[in-house]
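Visitor: One structure coming up, written as structure tokens, with questions to follow.
Number of protein chains: 2
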Amino acid sequence: MIVRMSTPDPARAVPPSAALLPVTVDVVALTVRDDALHVLLVERGVEPFRGALALPGGFVLPGERLAAAARRELAEETGVRPPGHLEQLRTYGPLDRDPRGPVLSVAYLLLAPEFGVVHAGSDAGGAAWHPVEPLLGAGPDDRLAFDHARILADGVERARAKLEYSALATAFCPPEFTVADLRRVYEAVWGVRLDPRNFSRKATTTAGFLEETGRTTSGGTGRPAALYRAAPATSGTGAAADARPADVDPDDAPASVPAVLDPPLMRPRR
Amino acid sequence: MIVRMSTPDPARAVPPSAALLPVTVDVVALTVRDDALHVLLVERGVEPFRGALALPGGFVLPGERLAAAARRELAEETGVRPPGHLEQLRTYGPLDRDPRGPVLSVAYLLLAPEFGVVHAGSDAGGAAWHPVEPLLGAGPDDRLAFDHARILADGVERARAKLEYSALATAFCPPEFTVADLRRVYEAVWGVRLDPRNFSRKATTTAGFLEETGRTTSGGTGRPAALYRAAPATSGTGAAADARPADVDPDDAPASVPAVLDPPLMRPRR
DNA sequence: TCGTTTTTCGTCATTCTGACGATAAGAGCG
DNA sequence: CGCTCTTATCGTCAGAATGACGAAAAACGA
Chain U
1 MIVRMSTPDP ARAVPPSAAL LPVTVDVVAL TVRDDALHVL LVERGVEPFR GALALPGGFV
61 LPGERLAAAA RRELAEETGV RPPGHLEQLR TYGPLDRDPR GPVLSVAYLL LAPEFGVVHA
121 GSDAGGAAWH PVEPLLGAGP DDRLAFDHAR ILADGVERAR AKLEYSALAT AFCPPEFTVA
181 DLRRVYEAVW GVRLDPRNFS RKATTTAGFL EETGRTTSGG TGRPAALYRA APATSGTGAA
241 ADARPADVDP DDAPASVPAV LDPPLMRPRR
Chain P
1001 MIVRMSTPDP ARAVPPSAAL LPVTVDVVAL TVRDDALHVL LVERGVEPFR GALALPGGFV
1061 LPGERLAAAA RRELAEETGV RPPGHLEQLR TYGPLDRDPR GPVLSVAYLL LAPEFGVVHA
1121 GSDAGGAAWH PVEPLLGAGP DDRLAFDHAR ILADGVERAR AKLEYSALAT AFCPPEFTVA
1181 DLRRVYEAVW GVRLDPRNFS RKATTTAGFL EETGRTTSGG TGRPAALYRA APATSGTGAA
1241 ADARPADVDP DDAPASVPAV LDPPLMRPRR
């Protein structure tokens, strides 16, 4: 059956030569767990690629927005409405990516503190966190369904790049966190070791990055650490001329539109 | 009439609940002309928004790739197959953006040296270069059709950001150019004045940016300047773990996949 | 109290940038 | 041919940021 979306003014119709494409959203949900970057994957319960691991996602429904579809699919497959930063990643062309025929896929990137996966969705086996590293190796085994390995690689690279010039690393952290927590995020996402002393200097002296809560950790081993929260967004939606991230989408950005790290925190180049 | 794209295996069909959406591509084609950033706009010849200025673009045809559709629309509306760097910008959701109903739009960004606009397309009045600046002001007049003002703003911001950490500014230049040409690109895109001496130092000493041709300009006023070309791409397609730009798409990237500016060339902040 | 661990503060050499002086190398003109 | 004008390019120097690393601070456990 063909579902044709409503056409308010039939006199101004879409040209008949235009392709009508099914559209999916796929979500690259990243988190840091045990000092390693993890991605949320589901086991596909239906063909095609039944039994294979895949990014959570599914078809956009009539009348639905893209970001809403992303959140819906995520909720359906994890049982929770995850926190974190959701932004559009990119769109993958309709050809040669789905055995069912031409399908457009709009990928979203979610950066979030680890959240529990509650229930298995309707057409997907349980969702679970998987370490990203072996999946990027792209060995002929462990292949993800569709072109999801490539989408994952793009998402990871986007996350790595954004940590350099935005305060987005805080999206991986709980509401209150220490400088060491934040450093471990950078280390996990970039796959490098950073000097704790220099990192602390950079994180605490960069304006618009951290905000102290006044409290400290206790009970752990070692000297107690100061607790911080993410600094509030620098203000206005300012999609126009000034903001550094070009992809601040009112439809995408949840609560926190993170500030810009003015002198960027660059990953070490070999 | 409904055009249903072929379904290779009917047993594995797209679920009937999925929306089938018409998809357009819109191209933000930027160039530097008379030391100012310009965008290629067409005057719409058909409803909706007949007579208004709009980004060149149109519907994706059955069996067509996104980037191919972008190049086709550009060719149809300019009469030439423009040079330059084409990359995907982002996708704009299906709702509340086209009076004809839900339409998905995948925007592309083209950075190119100025190219002549040859003929007027079928359903568009002549295409022409327009200064970007007044269009970003977003005055209630001079509004672009659809949500194209927003797409333009996103494209300009993407271009501005990319000049900081990539060698993409060379995409605005002819095959051979001087350091001053390149500086004028930065000045036009960022809307700032840069010190010619410091810019020259940065451009010529950053590895992987410029390559000297050995020749110099002649005839102009002032001391002749050395001619450079863009340094060749740093190697492999390497979409994976190492390349800085996350959006190197084999489908999008034409010849030149520009290198990374290692210490970035940051625009002056305030 | 002593060692262990982790956080946080300091120091210092190096690199990069912004400001700007000075020179180089043409064209145009008397 | 010399003078001037203009633009390109080289140099210098102070301030900022970074990377490497020493050392003190502040807990915990034995």
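Taken in order, these protein sequences are the chains called U and P.
For the first sequence, the working numbering gives the first residue as 1, with consecutive numbering after it.
For the second sequence, the working numbering gives the first residue as 1001, with consecutive numbering after it.
Just so it is clear, CB atoms sit at the ideal spot from N, CA and C, and this is done for glycine as well.
1) Please list, in chain order, all residues of the same chain as P131/U whose beta carbon is under 6 Å from its beta carbon, the five residues on each side excluded.
2) Interface residues of chain P around L104/U at Cβ under 9 Å?
3) Out of curiosity, what's the CA-to-CA distance linking C173/U and D181/U?
4) What in chain U is Cβ-close to P1015/P, meaning under 7 Å?
5) Expressed to the nearest angstrom, what Euclidean distance is found between the alpha-carbon atoms of R1081/P and T1204/P?
6) Do A19/U and P1102/P have their beta-carbon atoms positioned less than 8 Å apart in this structure?
7) Assuming A69/U and V60/U make a contact with CB atoms under 8 Å, what is their CB distance in whole Å?
8) Please specify which runs of the beta strand (DSSP E), each continuous and at least 3 residues long, are wholly inside the segment 1183 to 1219 of chain P, giving them in chain order.
9) Does the beta-carbon of R317/U have 16 or more other beta-carbons within 10 angstroms, so that it is buried, or is it exposed?
10) Round the Cβ separation of T1213/P and L1227/P to the nearest angstrom and send it over; I've been treating them as touching at under 8 Å.
11) Check the C-beta distance from A159/U over to L30/U and give it rounded, since I have them as a contact under 8 Å.
12) In whole angstroms, what separates the C-alpha of L1261/P from that of G1208/P?
13) Does the Cβ-Cβ distance between G1079/P and V1028/P come in under 8 Å?
14) Using alpha carbons as the reference points, say which of R1050/P, L1168/P, M1266/P and A1171/P lies closest to K1202/P.
15) Have a look at G57/U and T1217/P and give me their C-alpha separation to the nearest angstrom.
16) Using a Cβ-Cβ distance under 8 Å, would L1095/P count as near chain U?
17) So P1022/P is in the beta strand (DSSP E); what residue range does that whole segment cover?
18) Answer yes or no: do P84/U and A161/U have a C-beta to C-beta separation smaller than 8 Å?
19) Taking A233/U as the reference, give the member of L210/U, P224/U, V23/U and G191/U with the closest Cα.
20) State yes or no: is the beta carbon of A52/U nearer than 8 Å to at least one beta carbon in chain P?
21) Could you check whether R44/U and A145/U sit closer than 8 Å to each other, using their CB atoms as the reference points?
22) Please name the residue in V189/U, G222/U, A188/U and V179/U whose C-alpha comes closest to that of S200/U.
23) Within 10 angstroms of its Cβ, does R1290/P collect 16 or more other Cβ (buried), or is it exposed?
24) What does a CB cutoff of less than 6 Å around D224/U pick up in its chain, not counting 5 residues either side in sequence?
25) For E43/U, which three-state DSSP category applies?
26) When you compare the CB of D262/U with every CB in chain P, is at least one pair closer than 8 Å?
27) Can you tell me where the alpha helix (DSSP H) holding L135/U begins and where it ends?
28) With the cut-off set at 8 Å, would you say V1156/P and A1169/P are in Cβ contact?
29) Of all the options V1042/P, S1105/P, P1264/P and R1100/P, which has the alpha carbon lying nearest to the alpha carbon of A1075/P?
30) So, using beta-carbon positions, are V1023/P and L66/U closer together than 8 Å?
31) Could you run through the segment 154 to 187 of chain U and flag, in chain order, every residue whose CB is less than 7 Å away from some CB of chain P?
32) For the beta strand (DSSP E) that V106/U lies in, which residues bound it at each end?
33) Against chain P, does R100/U count as a neighbour if the rule is that its beta carbon must be under 8 Å from one of theirs?
34) Considering only the alpha carbon of each residue, which of G1191/P, V1014/P and R1050/P lies closest to R1269/P?
35) List, in order along the chain, the chain P residues whose C-beta lies closer than 7 Å to that of R269/U?
Guide: So, from the data block:
1) Counting from 1 along the first sequence, the entry for residue 131/U is found at position 131. So the qualifying residues of the chain are A36 and H38.
2) Your numbering for residue 104/U matches position 104 in the first sequence. By Cβ distance, chain P contributes L1021, V1023, V1060, L1066, T1091, L1104 and V1106.
3) Numbered from 1 along the first sequence, position 173 holds the residue referred to as residue 173/U. Numbered from 1 along the first sequence, position 181 holds the residue referred to as residue 181/U. Approximately 7 Å, taken between the alpha carbons.
4) The count along the second sequence starts at 1 and reaches residue 1015/P at position 15. Near P1015/P (Cβ distances below 7 Å), the residues of chain U are F59.
5) Here residue 1081/P corresponds to residue number 81 of the second sequence, with the count starting at 1. Here residue 1204/P corresponds to residue number 204 of the second sequence, with the count starting at 1. C-alpha separation (whole angstroms): 31 Å.
6) Within the second sequence, the letter at position 102 stands for residue 1102/P. Within the first sequence, the letter at position 19 stands for residue 19/U. Result no, Cβ atoms of P1102/P and A19/U do not sit closer than 8 Å.
7) Translated into positions along the first sequence, residue 69/U becomes position 69. Translated into positions along the first sequence, residue 60/U becomes position 60. That belief holds up - the Cβ atoms of A69/U and V60/U are roughly 5 Å apart, short of 8 Å.
8) 1210 to 1216, all fully within the segment 1183 to 1219 of chain P.
9) What the structure shows of chain U is the stretch from 1 to 270, and residue 317/U is not part of that stretch, so it cannot be assessed.
10) Taking the second sequence and counting its residues from 1, one reaches residue 1213/P at position 213. Taking the second sequence and counting its residues from 1, one reaches residue 1227/P at position 227. Sure, about 5 Å apart at Cβ, within 8 Å.
11) Stepping through the first sequence from its first residue, residue 159/U is reached at position 159. Stepping through the first sequence from its first residue, residue 30/U is reached at position 30. Contact holds; Cβ gap of about 6 Å.
12) Indexing the second sequence from 1 puts residue 1261/P at position 261. Indexing the second sequence from 1 puts residue 1208/P at position 208. Using only the alpha carbons, I get a separation of about 7 Å.
13) Working through the second sequence from its first residue, we reach residue 1079/P at position 79. Working through the second sequence from its first residue, we reach residue 1028/P at position 28. Taking 8 Å as the Cβ cut-off, G1079/P and V1028/P do not qualify as a contacting pair.
14) In the second sequence, residue 1202/P corresponds to position 202, counting from 1. Relative to the Cα of K1202/P, the nearest Cα in the group R1050/P, L1168/P, M1266/P and A1171/P belongs to M1266/P.
15) Here the question's residue 57/U lines up with position 57 in the first sequence. Here the question's residue 1217/P lines up with position 217 in the second sequence. Pairing G57/U with T1217/P, the inter-Cα distance amounts to about 55 Å.
16) Residue 1095/P sits at position 95 when you count from the first residue of the second sequence. Taking Cβ atoms only, chain U reaches closer than 8 Å to L1095/P, which makes this a yes.
17) One-based indexing of the second sequence puts residue 1022/P at position 22. For P1022/P, the enclosing beta strand (DSSP E) stretches over residues L1020 to R1033.
18) Counting from one through the first sequence, the residue named residue 84/U turns up at place 84. Counting from one through the first sequence, the residue named residue 161/U turns up at place 161. Checking the sequence, you will find Gly at residue 84/U rather than Pro. G84/U is not a Cβ neighbour of A161/U, given a cutoff of 8 Å.
19) Here residue 233/U corresponds to residue number 233 of the first sequence, with the count starting at 1. It is L210/U whose Cα lies nearest to the Cα of A233/U.
20) As a first step, residue 52/U must be located in the first sequence, where it is residue number 52. Under the Cβ distance rule, A52/U does not count among the residues neighbouring chain P, no pair being separated by less than 8 Å.
21) By 1-based counting over the first sequence, the position of residue 145/U is 145. By 1-based counting over the first sequence, the position of residue 44/U is 44. Yes, Cβ-Cβ distance for A145/U and R44/U is below 8 Å.
22) Residue numbering aside, residue 200/U sits at position 200 when the first sequence is read from its first letter. Considering only alpha carbons, the answer is V179/U.
23) Chain P is shown from 1001 up to 1270; residue 1290/P falls before or after that span and cannot be answered.
24) Counting from 1 along the first sequence, the entry for residue 224/U is found at position 224. The amino acid at residue 224/U is misidentified as Asp; the sequence shows Pro. By the criterion of a C-beta distance shorter than 6 Å, P224/U is surrounded in its chain by T216, T217 and S218, once the five residues flanking it on both sides are discounted.
25) The residue you call residue 43/U lines up with position 43 of the first sequence. Correct three-state label for E43/U: strand.
26) One-based indexing of the first sequence puts residue 262/U at position 262. Closer than 8 Å to some Cβ of chain P, the Cβ of D262/U qualifies, so yes.
27) Translated into positions along the first sequence, residue 135/U becomes position 135. E133 to L136 is the extent of the alpha helix (DSSP H) around L135/U.
28) Within the second sequence, numbered from 1, the residue matching residue 1156/P stands at position 156. Within the second sequence, numbered from 1, the residue matching residue 1169/P stands at position 169. No, these two residues do not count as a Cβ contact at 8 Å.
29) Within the second sequence, the letter at position 75 stands for residue 1075/P. For the residues V1042/P, S1105/P, P1264/P and R1100/P, the minimum Cα distance to A1075/P belongs to V1042/P.
30) Position 23 of the second sequence, counted from the start, is the residue given in the question as residue 1023/P. Position 66 of the first sequence, counted from the start, is the residue given in the question as residue 66/U. No; because the gap between Cβ atoms is not below 8 Å, this pair is not in contact.
31) If the cut-off is 7 Å between Cβ atoms, the segment 154 to 187 of chain U has D154, E157, R158 and A161 near chain P.
32) As a position in the first sequence, residue 106/U is number 106, starting the count at 1. First-last of the beta strand (DSSP E) with V106/U: L104 to L111.
33) Numbered from 1 along the first sequence, position 100 holds the residue referred to as residue 100/U. R100/U counts as touching chain P.
34) Taking the first residue of the second sequence as position 1, residue 1269/P is located at position 269. When each option's Cα is compared against that of R1269/P, the closest is G1191/P.
35) For the purposes of this step, residue 269/U is taken as the residue at position 269 of the first sequence. Near R269/U (Cβ distances below 7 Å), the residues of chain P are D1262.
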